[in-house]
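Report on the following structure.
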Amino acid sequence: MDGARPWLAGMLGLALVCMAPISATAETLATGSLLSEARVAETEVIKSSDALEAREIVRRADEQMRGKSSYVVATMNIVRPDWTRSMSMKSWTKGQELSLVLVTAPAKDKGSVSLKRYREMWNWVPAIERIIKIAPSMLSQSWMGSDFTNDDLINQSSIVVDYRHQLVQHESIEGDDCFVIDAFAKPDAPVVWSRIRLWISSRDYLQRKVEFFDEFDELVNTLTTSGIQEMGGRMLATKMVMIPADKPGQRTELITHEAAFDFEIGDDFFSQQQMKALRD
100 MDGARPWLAG
110 MLGLALVCMA
120 PISATAETLA
130 TGSLLSEARV
140 AETEVIKSSD
150 ALEAREIVRR
160 ADEQMRGKSS
170 YVVATMNIVR
180 PDWTRSMSMK
190 SWTKGQELSL
200 VLVTAPAKDK
210 GSVSLKRYRE
220 MWNWVPAIER
230 IIKIAPSMLS
240 QSWMGSDFTN
250 DDLINQSSIV
260 VDYRHQLVQH
270 ESIEGDDCFV
280 IDAFAKPDAP
290 VVWSRIRLWI
300 SSRDYLQRKV
310 EFFDEFDELV
320 NTLTTSGIQE
330 MGGRMLATKM
340 VMIPADKPGQ
350 RTELITHEAA
360 FDFEIGDDFF
370 SQQQMKALRD
């Protein structure tokens, strides 16, 4: 028995020597796993932070364009290879949910009104004295024969609530540093565009360029802005040009002449009754 003790001691020593690196390896693996999990968590936090930042940039751009309320006098020029047609209009908005557009000229379109209240939209056609509800399937249709859709012109604020946002990069437009943000339509959102890419000024949060993509991620329209100046107490892009991707020589210009912001206006102004009663 005494002769076996050195052998047992040797085996125990060998076992301890062998166990030490196994334990250390396990500890190393556990530490590595924890670090990996921490990195994943950190990445998710960064992604979440980027998404929140991108959404806030888009929200501020929308707020810069319309304020708590807005009133705009504008001219729309519809340009085609063989002809040009112009319309004068006035528009009012309140928050992100209420908007109304009145056509004031030419005579054949005068009195036409488009209304948005929350998720519902209507057109008043004075020639037939009828209010026509705009179904979701009609959002992609041209507004008054222009290159703007019903969705573009009277449902603009949906870019904030109906899309998720991702900050892509920075890019300069005419010397103006811009956030480049991709907005992806949320599932089942009542919108036309599957993806919208926005160039938003980092200086004043004005939209400088917007690209609109369909469900196949093909470019359909491009909006550019210019004529940046103070109007109604805030900086504003006074000229917007919508250009279809596949229709050479075709575009629609929207030129703002007068604007006011952040005034008191009741919700009842944005009503079907007002659509019928509104005059130039």
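Per the working numbering: the sequence shown ends with 379, consecutive numbering throughout.
By construction, the Cβ of each residue, glycine as well, lies at the ideal position given by its N, Cα and C atoms.
query: For M243, does the three-state DSSP call read helix, strand or coil?
result: coil
field: Contiguous beta strand (DSSP E) assignments of at least 3 residues, all confined to the region 268 to 324
entry: 275 to 284, 294 to 300 and 306 to 312
- prompt: What is the DSSP secondary structure of F360, counted as helix, strand or coil?
  reply: strand
task: Rounded to whole angstroms, what's the CA-CA distance from D161 to I233? Just pull it up for me.
output: 23 Å
message: Below 8 Å on the Cβ atoms is my contact criterion, and I expect D261 with V290 to pass it. Report the Cβ-Cβ distance as a whole number of Å.
response: 5 Å
message: With DSSP as the reference, identify every bridge partner of I233, one or two as the case may be.
response: In the DSSP output, where bridge partners are listed per residue, I233 has none listed.
message: Quick check: what's the CA-CA separation for L214 versus Y170?
response: 14 Å
message: Just verifying my parser: in three-state terms, what is the DSSP assignment at I227?
response: coil
- request: Kindly indicate which three-state DSSP category E196 falls into: helix, strand or coil?
  value: coil
Proximity to L297 [Cα-Cα], best of Q265, I177 and P225: Q265
query: If you draw a straight line from the alpha carbon of I258 to that of R154, how long is it in whole angstroms?
result: 9 Å
task: Return the Cβ separation of M243 and V202 in integer angstroms, given the expectation that the two are a contact with Cβ distance under 8 Å.
output: 7 Å
message: I'd like to know if S301 contacts chain B, where contact means its C-beta is closer than 8 Å to some C-beta of that chain.
response: Considering every chain present, this structure includes no chain B. It has just one protein chain.
query: Thinking C-alpha only, which one of G332, V200, P180 and S301 is nearest F369?
result: V200
- request: Quick one: using the 10 Å Cβ neighbour count with 16 as the cut-off for buried, is T351 buried or exposed?
  value: buried
- prompt: Is DSSP giving K375 helix, strand or coil here?
  reply: helix
- request: Pull up the CB-CB distance for A344 and N320, whole angstroms please, since I reckon it's below 8 Å.
  value: 7 Å
Residue environment, R378, which counts as buried when at least 16 other CB atoms sit within 10 Å: exposed
task: Give me the Cα-Cα distance between V116 and A282, rounded to the nearest whole angstrom.
output: Reliability fails at V116, whose pLDDT of 34 lies under 50, so the model's placement of it is uncertain and the value that follows must be treated cautiously. Roughly 59 Å separates the two Cα atoms.
- request: May I ask you to verify whether the region 323 to 340 touches the region 354 to 363, counting CB pairs closer than 8 Å and requiring at least 3?
  value: yes
message: Judging by CA-CA distance, which residue of V267, E314, D303 and S271 is the nearest neighbour of P286?
response: E314
- prompt: If we count the other Cβ atoms within 10 Å of its Cβ and call it buried at 16 or more, is R307 buried or exposed?
  reply: buried
message: The beta strand (DSSP E) that contains S211, what's its start and end?
response: Here S211 belongs to no beta strand (DSSP E), and DSSP marks it neither H nor E.
Coarse secondary structure for R381, derived from DSSP in three states: One cannot answer for residue 381 here, as it falls past the ends of the chain, which runs 100 to 379.
query: Could you give the distance in angstroms between the alpha-carbon of M374 and the alpha-carbon of W221?
result: 9 Å
- prompt: CA-CA distance, M186 and V172?
  reply: 11 Å
- request: Indicate the three-state DSSP secondary structure (helix, strand or coil) for S370 in the structure shown.
  value: coil
task: Would you tell me roughly how many angstroms separate the C-alpha atoms of K338 and Q372, rounded to the nearest one?
output: 31 Å
message: On the DSSP bridge list, what partners appear for T92?
response: Examination of residue 92 is not possible in this model, given that the chain is present from 100 through 379 alone.
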